[in-house]
DNA sequence: ACTGGTCATTACCTTAGGTTAAGCGCTATG
DNA sequence: CATAGCGCTTAACCTAAGGTAATGACCAGT
């Protein structure tokens, strides 16, 4: 079985409007979500109410809270629609069940997790080694279309600075 | 087959002295390493020569460059011994081969990758949401023994500040 | 006992980024 | 229309962190 076949078999189509949440930090959510169309943001909310954006989710991406689906804890982050979005919800237990029965699917799962880990590793690298300015210019090169789709507020919280800070960075980059 | 059985079957024991590299950033290394005893640091070296520590590797941990073993690129980071270390080297192709043949092992691999991803996610959270001071106090709570084992220079590069910066943070935490 | 090396601390200065507040343009809604 | 709200920019002020350099402690090797 391939991933697509699994999605056909066990997936539930979910339609969400702009600003609607898929799940919230602290929820007990046991599903992964495959994004067909639209745009999502995954973000942490800190005790003092500050928001930090973990990642933007583009069509074709799959997302879910590993700590919730696998470690049986609560969701460590929230997931919200930035655009009207069409998602396919797949209960994680179903995935594990099918993987246990179907070696081919298990291979796809391994492949998926390897890709996922490499993505995490890349983000970790950028946060550890690059300045906010470098992260911005890198994003400018790698996914310029994202800059059109998200507000500067969200972009700033993704890069790890305040919106005011990002405005300054943009100026500095332009003048350079 | 379990992971331990795979290690018995395909593993090569490697002994390294303090300061010896396991592999270097830019290398083409195709193995994972299981640490039996000792201590390693995984670190990035930037163009300007600055060093950033990705993670410390403790006995029982497994490490390797995903981009090198899986994506057929070069190692994105270096791996070096901070203490005399005993490692078991396992070629990644062997792991993939056995996983393809052995569904039980594939399940263990999925489990391993899920754990690995959660670890990455935790680090990502700390780098994105916490200040250097908060990361330090958290480390103080969660793995105080690490502070005894690594130099303050390495600790600083792990937390994302300079050694001088960490010295200041320690002072501030003490006085608080 | 020297000596060179690494590690930690301190002091002085520079700078990136946070905070707050004001202003401007766009858009949605009454 | 009118206005309230949001997104973005800019400015002023301030704080925290980094750069650099000097100092001292502590080894390890000759």
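Protein chains in written order, with the working numbering: chain L, 114 to 289; chain S, 114 to 289.
In this text, a Cβ means the ideal position worked out from N, Cα and C, and glycines have one as well.
Chain S contact residues for residue i, given Cβ-Cβ distances below 8 angstroms
i: residue 259(L); result: Simply none; closest approach about 17 angstroms.
i: residue 184(L); result: 231
Start-to-end residues for the alpha helix (DSSP H) that takes in residue i
i: residue 70(S); result: Residue 70(S) lies beyond the stretch modelled for chain S, which goes from 114 to 289, so this question has no answer here.
i: residue 238(S); result: 216-242
i: residue 246(L); result: 245-255
i: residue 179(L); result: 179-182
i: residue 117(S); result: 116-123
Residues that residue i contacts on chain L, provided the C-beta gap is smaller than 8 angstroms
i: residue 157(S); result: 238, 241 and 242
i: residue 169(S); result: Within 8 angstroms Cβ-Cβ: nothing; residue 169(S) doesn't reach chain L, min ~13 angstroms.
The beta strand (DSSP E) enclosing residue i, as first and last residue numbers
i: residue 274(S); result: Unbroken run through residue 274(S): none, as it is neither H nor E.
i: residue 165(S); result: 164-170
i: residue 200(L); result: 198-204
i: residue 145(L); result: 144-150
i: residue 153(L); result: 153-158
i: residue 192(S); result: 191-194
Nearest-angstrom beta carbon gap, residue j and residue i [assumed within contact, 8 angstroms]
i: residue 152(S); j: residue 220(S); result: About 30 angstroms separates the two Cβ atoms, so there is no contact after all.
i: residue 158(S); j: residue 138(S); result: 6 angstroms
i: residue 119(L); j: residue 211(L); result: 6 angstroms
i: residue 132(S); j: residue 231(L); result: Contact flag wrong, Cβ pair sits at about 29 angstroms.
i: residue 201(S); j: residue 125(S); result: 7 angstroms
i: residue 199(S); j: residue 128(S); result: 6 angstroms
i: residue 260(L); j: residue 251(L); result: Residue 260(L) to residue 251(L), Cβ: 12 angstroms. No contact.
i: residue 130(L); j: residue 197(L); result: 6 angstroms
i: residue 233(L); j: residue 237(S); result: 6 angstroms
i: residue 223(S); j: residue 226(L); result: 7 angstroms
Contact set between residue i and chain L, taken where Cβ atoms lie within less than 7 angstroms
i: residue 255(S); result: Within chain L, no residue comes near residue 255(S); the closest Cβ sits about 16 angstroms away, beyond 7 angstroms.
i: residue 191(S); result: Within 7 angstroms Cβ-Cβ: nothing; residue 191(S) doesn't reach chain L, min ~13 angstroms.
i: residue 116(S); result: Simply none; closest approach about 14 angstroms.
Chain-ordered neighbours of residue i on chain S, where CB pairs are closer than 7 angstroms
i: residue 234(L); result: 179 and 233
_Cβ contact (3+ pairs, closer than 8 angstroms) linking the segment 201-210 of chain L and the segment 131-144 of chain L_ = The segment 201-210 of chain L makes contact with the segment 131-144 of chain L; the number of CB pairs closer than 8 angstroms reaches 3 or more.
_Contact list for the segment 200-227 of chain S against chain L, Cβ threshold 7 angstroms_ = Result list: 212, 213, 216, 219, 220, 222, 223, 226 and 227.
*Mind checking the segment 135-153 of chain L against chain S and listing, in chain order, the residues whose C-beta falls within less than 8 angstroms of any C-beta there?*
Listed by position along the chain: nothing, the set is empty.
*Decide yes or no for the touch test of the segment 185-204 of chain S against the segment 189-198 of chain L: beta carbon pairs closer than 8 angstroms, at least 3 of them.*
Verdict: no, contact absent.
*On the three-pair Cβ rule with 8 angstroms, is the segment 163-172 of chain L touching the segment 279-289 of chain L?*
Between the segment 163-172 of chain L and the segment 279-289 of chain L there are fewer than three inter-stretch CB-CB distances shorter than 8 angstroms, so the stretches are not counted as touching.
_Interface positions of the segment 270-283 of chain S facing chain L (Cβ-Cβ less than 7 angstroms), listed along the chain_ = For the segment 270-283 of chain S, the residues whose beta carbon sits under 7 angstroms from a beta carbon of chain L are, in order, 273.
*How do the segment 159-168 of chain S and the segment 227-242 of chain L stand: do at least 3 beta-carbon pairs fall below 8 angstroms, yes or no?*
Yes, they touch.
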